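Worksheet: one structure, shown below.
2 protein chains.
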Amino acid sequence: MASRTDTKTRILDAAEKLFAERGFSETSLRLITSKAEVNLASVNYHFGSKKELIRAVLARYLDVFMPSASIEINRLHLAPEHASLNEIFSALIKPLLELNKVRNGGTIIFLQLLGRGYIESQGHLRWFITTHYGEHLATFVKAVAASAPHIPQAEMFWRLHFTLGTIVFTMASADALNEIAAADYGEHNNTEAIIRKVIPYMAAGVAVPVLTN
Amino acid sequence: MASRTDTKTRILDAAEKLFAERGFSETSLRLITSKAEVNLASVNYHFGSKKELIRAVLARYLDVFMPSASIEINRLHLAPEHASLNEIFSALIKPLLELNKVRNGGTIIFLQLLGRGYIESQGHLRWFITTHYGEHLATFVKAVAASAPHIPQAEMFWRLHFTLGTIVFTMASADALNEIAAADYGEHNNTEAIIRKVIPYMAAGVAVPVLTN
DNA sequence: GATTAATTTAAACGAGTGTTTAAATTAACT
DNA sequence: AGTTAATTTAAACACTCGTTTAAATTAATC
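Those protein sequence lines, which keep their order, are chains L and D.
Residue 11 is where the first sequence starts when you use my numbering, and the numbers rise one by one after that.
Residue 11 is where the second sequence starts when you use my numbering, and the numbers rise one by one after that.
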């Protein structure tokens, strides 16, 4: 194959960091390849195009996270008594934090990439995720719905997207927020601490009774 | 001054729409000026640079929204009994919807711009907002804090940013979400309906008791 | 109406983008 | 070893970008 580290891997490693930090379109292939210390043309040689590189970067995380998340959710689901929303969301913590073992800072990189992908480039990534990992997503949605049966399906649709926005935006600005929190309150939170802060917020929001007047 | 509509206004009108739809860096000055039917160079003539155009687009909304929001919040705050979080958030509905009278679709454009600004272009817009409208923001934060005194200040900091993420992400993808909701559940929500859906979610999240073990 | 200022215009600039090409190099295989 | 395939490389291509320039036009002022 190749000497030192695989060229393909070097590109993915450099790309995911830069994509997470500055967004997809703000990151040029020249910046990626110079950080990765590989030739510019190797991106197109190994991945075909920048768009496919973006998908490859995300897929490397999704392929680890999604099956792992499904397993955790199903483990809860098989329990006789229904799990609480807090438990369901918390079940995702382990799969998320395991991404840190895959790569340094993997957890926050993954969540930031997810957010960037959802907001930038309307559609093509959303389509990629739902068609490739739709079953895993369905597992999660079903668990949440069963855990909050008093919320109508259409309402739950909106609330789960509120939740996605909450976590994704939080992680996209996690570094900046952490700086402010450290300066103003002397707090130093790692990724896990922030996740543990946001889960009760999301669980409460998803489960709050629908107002009827 | 000028014939037909003011050139400056034509630029702002075209720019805000495109910025909200596709983001700042994805929107070229050439696209803006062609939609506005003005010359390319007029942007730099009237605004100096693209960065200043972005700030001008946002300022046009913030100058209307922020004072109006402060008035509504203060009206609540002067009431003898403390307002609920739901009431505080709901107090922002009127100022938000009044932006629709300023310009067609003004409400959602404003919220989308806010989100784009927060996620793209790290810092320069965040700085612009906090230094120019800091007092109004403080009014809001104080009202929320007084309404949920059981939440420590540092925790509230995080939860308010969760809230910002929720609303901003929701609005950024409101069009796409509405399409799906219409197809899957036959729902057709306007901007106000979505805002009224998201407020209970946010209020419940902000107020949920802090876990202590 | 003449003179000055403000605005609009077309064209170019320089820098940056993703992608392609064809030659050079390295690895794999018989 | 020699031959084929895979990879790396430097250079160029074709565009798009924000910005600047200097001339043309319109508006305002005396």
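Quick reminder that beta carbons are idealized off the backbone N, C-alpha and C, glycines included.
Treat the numbers as computed from the prediction; the structure is a model and nothing was measured.
V218/L at chain D interface by Cβ criterion, 8 Å: yes
Buried versus exposed call for K152/D [16 or more other C-beta atoms within 10 Å across all chains shown]: Flag for K152/D reads exposed.
Contacting positions in the region 196-213 of chain L - beta carbon closer than 7 Å to chain D: E197, K207, V208, P210, Y211, M212
Helix, strand or coil at N188/L [DSSP, three-state]: helix
Per-residue DSSP class, three states only, for S44/L: helix
Same chain, Cβ closer than 7 Å to I205/D, five either side skipped, listed in chain order: I103, L106
Among L95/L, V67/L, F150/L, L187/L, nearest to N84/L - alpha-carbon criterion: F150/L
Where D194/D falls, given that 16 or more other Cβ within 10 Å makes a residue buried: exposed
Cβ-Cβ distance between L86/D and I177/D below 8 Å: Not a contact, by the Cβ cut-off of 8 Å.
C-alpha gap between K60/D and V216/L, whole angstroms: 40 Å
Contacts that A182/L makes with chain D (C-beta to C-beta distance below 7 Å): I129
Where G137/D falls, given that 16 or more other Cβ within 10 Å makes a residue buried: The displayed chain sequence assigns Trp, not Gly, to residue 137/D. Per the 10 Å Cβ criterion, exposed.
Cross-chain neighbours of Q163/L in chain D, by beta carbon under 9 Å: D194, Y195
Neighbourhood of N49/D by C-beta, 7 Å cutoff - its chain only, sequence neighbours within 5 removed: The beta carbon of N49/D lies closer than 7 Å to those of T43 in the same chain, with the five residues before and after it left out.
Contact list for L95/L against chain D, beta-carbon separation under 9 Å: The premise fails here: L95/L is roughly 11 Å from chain D at the closest Cβ pair, so nothing lies under 9 Å.
Test: A12/D CB closer than 8 Å to a CB of chain L: Residue placement at A12/D cannot be trusted, given a pLDDT of 40 that sits under 50; what the coordinates show is reported in the next sentence. For A12/D, the answer is no, since every Cβ of chain L falls outside 8 Å of its Cβ.
8 Å CB neighbourhood of Q163/D in its chain, flanking five on each side removed: A155
Nearest to T117/L (by Cα), restricted to the options I129/L, A184/L, L170/L: A184/L
Start and end residues, alpha helix (DSSP H) containing T17/D: Element bounds for T17/D: 17-32.
Status (buried if at least 16 other CB within 10 Å, exposed otherwise) for P210/L: buried
Of the listed residues A214/L, R113/L, H142/L, nearest to A24/L (C-alpha basis): R113/L
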